[in-house]
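Note sheet for the following structure.
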Amino acid sequence: MEIKPYMEMHMSSVRSYAIVALLVWALLSSVAASWLYMENERLRSDLKSYEGKLTGYEGRLAKVNFVDVIIDYGNGTVRIYDDVPIPRARSTVFQALLSVASVKYTEYPFGIFVDSIDGVANDPTANRYWIYYIYIEGQGFVMGEVAANLKPVSDGDRVSWNYTKF
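Given below as structure tokens:
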């Protein structure tokens, strides 16, 4: 048995396997590159779609104030609502409250008077009423001086509704 023909035959077989492996690698690389290209194109298309939607929302957001609303029920329960969106055309303390709670109220010539919030009603015998307070930098929360529907709020304002005993 000659070693040379065996080595040549073995080397020929190794070359064949190497060529097949190289072709498989090239095929798999091409498939992966094609998939990545298609995925990239899909993501670009999605991004353009989302950019278009965001542009539409910018106009809407310019017409909205974001207000923090705090409700203190007077029994230790306090609910805090951050960044409550309120249309600028109706940005009042009352509108902020309506956005986060179930409210009963009475309309008077001087404005709206809140009778109950989330089922907790004013109690004249205990001298407890719903009163709103606005946070003013350097002063803290200050009691409202006009009806809730007449007090405007601006973007970033903080409003607290407290079940207050007088």
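Number 159 in numbering that gives the first Met the number 0 belongs to position 160 of the sequence shown; there are no gaps in the numbering.
Ideal Cβ placement from N, Cα and C applies to all residues, glycine included.
So, is residue i buried or exposed, given that buried needs 16 or more other C-beta atoms within 10 angstroms?
| i | result |
| --- | --- |
| Tyr162 | buried |
| Leu97 | buried |
| Thr91 | buried |
| Val141 | exposed |
| Ser159 | buried |
| Val66 | buried |
| Phe93 | buried |
| Ile79 | exposed |
| Tyr36 | exposed |
| Asp156 | buried |
| Ile135 | exposed |
| Ile18 | exposed |
Just list the residues that DSSP pairs residue i with in beta bridges.
| i | result |
| --- | --- |
| Met142 | Tyr132 |
| Phe112 | Thr105 |
| Arg41 | Partner(s): none; Arg41 has no beta bridge. |
| Asn64 | Ile85 |
| Arg127 | Asp122, Lys164 |
May I ask you to report which of helix, strand or coil DSSP gives residue i?
| i | result |
| --- | --- |
| Lys103 | strand |
| Ala88 | helix |
| Asn148 | helix |
| Thr54 | helix |
| Ala120 | strand |
| Asp82 | strand |
| Lys164 | strand |
| Asp71 | strand |
| Ser98 | coil |
| Ser153 | coil |
| message | For the structure I just gave you, are there three or more beta carbon pairs, one from the region 119-132 and one from the region 144-164, closer than 8 Å? | response | yes
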